[in-house]
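One structure is given here, and the rest of the page talks about it.
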Amino acid sequence: MRSIGAALWAPFVALALAACGGGGGGDGGSSVLSFTPSTVTANVASGTSATVTVRASATNPSLFSGPLYVYVVDSAQVLLPSIELAQVDSRTISATLHTSPALAAGRHQGNFQIQLCNDASCTSQIAGSPVPLPYDLTITPAPLQAVAASSTSATVHRGGTLASPVSVSVSGPSLAWTATSTADWLQINGGSGTGPGAFSVSYLTPTLAEGSYASTVTVRTSDGQTVTLPFTLDVLPAGFALDGGVPSFAAVNGAPIASQTLGFALDNGVASAWTATTSAGWLLASPLAGTTPAVVTLQPDPSRGPLASGEHSADLLLSAAGVPDKRVTTRLTLTPPTLSAPATALTFGGPKGRDLAPQTLSVSLNTGTNSWPYVLSALPSWLSTTTPSGSVGQAGTTLALAPNPASVVPGSSTAVVSMSATVNGDTVQLPLTVNLNADQRRLLPSAWGVSLASTPTGTVLSRTLTISDNFAGTLAWTAVSDSSWLTVTASGSTAASSSLVLSANPASLPADTVSYANVTVSSATSGVESAVVRVALWKSASGLAVTTTLPQNFSQIVADRIRPYVYAHNGGTSIDVFNAYTAQKITTITGVGSALGQMSVAPDGRRLYALDTAARSMAVVDLATLAKTDTWPLVNAVDTGTAVLAMRPNGVELVLVGDGTAYVGGRSLGSSQVSGVGGPLVATADSRNVYNLGARFAVDYSAMSGGVLFASVANGLDSNSGGNEKDVAVSPDGSRIYAASGGGVNVPGRYFCASIDSSGAFVGALPGGDAYPNNVEVTVDGRAICGIFGWYAVADFWVHSPAGALLQGYKVAGYAQALKDRQMVVTPDGLVVVALTDDPLIAFVPIGP
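Taking the working numbering, I'd label the letters of the sequence shown as residues -16 to 832.
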């Protein structure tokens, strides 16, 4: 006997379990509970459990105001020991019961006793307890069942086998049973037994032809129950089966490609002889015959074709006797290779177009360890290469390119050279931009103009120049004079001292006349421009014996660079020309400008340039014809304080203006970085250095890019000035610079001109002098001339030796009159000083050699 406890009417009813047999006995009066349904009924197969739900309602809820313990007494043990309760309302609960699956087949009837107890031990039951709950359960015998553990449908390739049989479990009555089949391709293993059991069914496939087969397996019990299981079999044709995926390849065209393998067998598992072929020459397979199962190695070779980059496919055809051929398609994706270099542009010529050295460029091709042929094409005529062809790979190759001097044209050029590499079916190109900045190679003399003289004032009949190569190379040169009275050094080389000696014999020349000669210095090297040195010689039997003054009021004066001439004006429209040896006006150049400012003569004496302060222009005067030939517009307006300097850096005549601009052939070169507003601009004889009141500028010019002026501050000039700087001059070779300041120099004696070395360092003061220095000049032989603004001084200027020794002082201005600022010049032969004073006068002073 078994009691099952459950809680009713929570929360005011408690739960307890009591021992078998109950207790407390009821009074047998009217039932305190009613059940729906009134009898527990079920019909269930043997071995299974039925789930039954009963609702119990209290007929007198007031009886249950205190704790209540409920027990179900199942004396026949027809229930499982578990009840699930759910409260419906305050007087009704739902109870779910489960029958025992161990009940024997047949009909089971009886009553459950529902005990309602006042305590957990059920020593006392309420009135009306226990309450019977009838049950009527029918247990039917279990039917025969046969269930396959796996699918009874199978597929096999002809000649193949199915290794795993199908397991079948048998359940139902405890009777003897047997399993049979009429199909000869089904084999039953362990096909009999009693009660629950199992057997298996195997497929006999090796001898079956291709097709579909169907049959059944029947399980029969001794009482005649049967279960039929259907079996089907599809026998497919035998064929090749691949082991894994189909190989595919991807690589950069031309790079090594790793091989891949393809495994295969016949799908029936039978070892068979096979052969293989490929549909394209670029797909290599190895081996090409064997016995299944087997592995073939596939190796693409794009050079067999050759193949271009892109998508490609080829077939591997597998064959075996009695088996359909297997076509396996392999794909190859080739990416175009790429030529690459650290730079795609090369610029030749160096910073100024004078460096024709070769350059190299490393180029690589992303094809790994494989190298491929290349060629260079579309080289411009000015470019040559020692590597026109070769091979290139990932490790790279070096291209060597160099300008071809014979074909170089001065200026700037650009072209595109093509490097082409042939990689299988691809042609890969790398365009290389090549730039050439080329200057004109030329011979440069240390001076472009030479002034000679044969007079009682002094005789200068020889000059020595230095010839250099503007490319700093070695050039053999020859020199020729076009006049018999002038002899020159016949030849030389820029690698040695490279001296050109000019020697004049004036015996055959007319007196009181300027005679001219041109010296041409040439090189046999192709592409080298010759230099022409212009030479002028003044021959006179009288010369300038004493200081001569003329009552002229000029504001600007400049000396010729080869003739004994000076040019002066008073700010008007014309320029007067004087011969320094005769102290006479030769002519007047009219119509030069509207309001003339400062002037400068070209280093070879061919032209004079004069600023026009009213027209914002520059007049160009041909000194051979003494006529104006051109007018150049200026970028900026100028005034009388704006300096101008004609020079020939690198053999090209150009003009610097003190506002920081530069011009060549009437064209502005833009900013020159050299200023000279309020002060002069002077240059060395070779035009490589320019000076203003405070600095030295290194100046150069190149024909590259249509003409480029290079100017930069090389160093400052320490004049130890006492203030009010006025003038600066430089020796022809640039070894000494001299400065004149109204405040003199900060040394004892004070009012002297300063001497400065080539580095810009103050050397000392020139001896002699007085207040207030305002002019300084240097003769062609290096003598320094210091002039002052001194009303009552004993001299207006002093001449010093190249070493700085005082030679002599000269007085030209009247009482309480002085030299005008920066208006003292010296003839190019170094023998005559011409100065303007505020008397006003123009003074011609012979200083001799």
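Heads up, the beta-carbon is just placed ideally off N, CA and C, and yes, glycines get one too. None of the values given here were measured: they were computed from a predicted structure.
Helix, strand or coil at residue i [DSSP, three-state]
i, result
"Asn453", "coil"
"Asn536", "coil"
"Gly5", "With a pLDDT of only 38 at Gly5, under the threshold of 50, the placement of this residue in the model should not be trusted; the figure read from the coordinates follows. Coil."
"Ala697", "strand"
"Gly93", "strand"
"Gly580", "strand"
"Ala678", "strand"
"Ser390", "helix"
"Asp10", "At Asp10, the pLDDT of 42 sits below 50, so the modelled position is not reliable and the matter cannot be decided from this model."
"Ser688", "helix"
"Ser83", "coil"
"Ser491", "helix"
"Pro829", "strand"
"Pro44", "helix"
"Leu606", "coil"
"Ser77", "strand"
"Val795", "coil"
"Val817", "strand"
"Cys736", "coil"
"Asp812", "coil"
"Gln412", "strand"
Inter-residue spacing [alpha-carbon to alpha-carbon] between residue i and residue j
i, j, result
"Gly743", "Leu579", "33 Å"
"Ala(-10)", "Thr34", "Confidence in Ala(-10) is poor, its pLDDT being 42 and thus under 50, which makes the residue's placement too unreliable to answer from."
"Val130", "Val153", "7 Å"
"Gly30", "Ala221", "49 Å"
"Gly747", "Ala722", "11 Å"
"Asp189", "Thr312", "Note on residue identity: the sequence assigns Pro, not Asp, to residue 189. Taking the straight line joining both Cα atoms gives about 31 Å."
"Leu301", "Leu281", "13 Å"
"Pro663", "Val560", "22 Å"
"Leu322", "Ser403", "9 Å"
"Gln539", "Leu426", "34 Å"
"Asp465", "Gly717", "30 Å"
"Ser525", "Pro439", "6 Å"
"Ala192", "Trp168", "11 Å"
"Ala519", "Ala328", "50 Å"
"Leu225", "Gln342", "58 Å"
"Val657", "Val673", "8 Å"
"Val139", "Asp217", "6 Å"
"Ala385", "Val392", "14 Å"
"Pro371", "Val504", "38 Å"
"Thr274", "Gly228", "20 Å"
"Phe827", "Tyr548", "11 Å"
"Tyr550", "Asn536", "13 Å"
"Pro325", "Thr318", "22 Å"
"Leu366", "Asn387", "5 Å"
"Ala796", "Thr820", "6 Å"
"Gly588", "Val603", "12 Å"
Whole-Å CB distance - residue i paired with residue j, under 8 Å assumed
i, j, result
"Pro283", "Asn353", "Not confirmed; about 13 Å, so no contact."
"Pro586", "Gly432", "6 Å"
"Val149", "Ser195", "With a Cβ gap of about 18 Å, Val149 and Ser195 do not count as contacting."
"Leu637", "Val647", "4 Å"
"Thr121", "Asn26", "4 Å"
"Ser175", "Thr165", "Between Thr165 and Ser175 the Cβ distance is about 17 Å, and since that is not below 8 Å, they are no contact."
Candidates the options: closest to residue i by CA position
i, options, result
"Ala146", "Asn101, Ser164, Asn251, Leu80", "Asn251"
"Trp79", "Val114, Pro44, Thr24", "The sequence given here places Thr at residue 79; Trp does not occur at that position. For the residues Val114, Pro44, Thr24, the minimum Cα distance to Thr79 belongs to Thr24."
"Lys803", "Ala788, Leu824, Ser784", "Leu824"
"Ser714", "Asn698, Thr762, Ala737, Thr123", "Thr762"
"Leu290", "Gly305, Val278, Pro276, Pro320", "Pro320"
"Leu419", "Ser396, Ser401, Ala462", "Ser396"
"Leu359", "Asp57, Leu413, Pro388, Ala340", "Leu413"
"Ala421", "Ser583, Ala256, Gly690", "Gly690"
"Asn562", "Asn553, Thr532, Asp669, Val406", "Thr532"
CB contact check: residue i to chain D, cutoff 8 Å
i, result
"Ser286", "Although the question refers to chain D, the structure presented lacks it and comprises just one protein chain."
Quiz prompt | beta strand (DSSP E) segments (min. 3 residues) lying fully within the stretch 503 to 561 | solution = 514 to 522, 531 to 533, 539 to 542, 548 to 552
Quiz item: Going along the chain, which unbroken runs of the beta strand (DSSP E) with 3 or more residues stay wholly within the stretch 633 to 671?
Solution: Counting only runs of 3 or more, we get 637 to 640, 644 to 647, 650 to 654.
Practice problem: Entirely within the stretch 207 to 288 and at least 4 residues each: give me those alpha helix (DSSP H) ranges in chain order. | Solution: Counting whole runs of 4 or more residues, the stretch 207 to 288 contains no alpha helix (DSSP H) stretch at all.
Practice problem: Taking only runs that begin and end inside the stretch 99 to 150, name each unbroken beta strand (DSSP E) of 3 or more residues, in chain order. | Solution: 114 to 123, 128 to 131, 136 to 140
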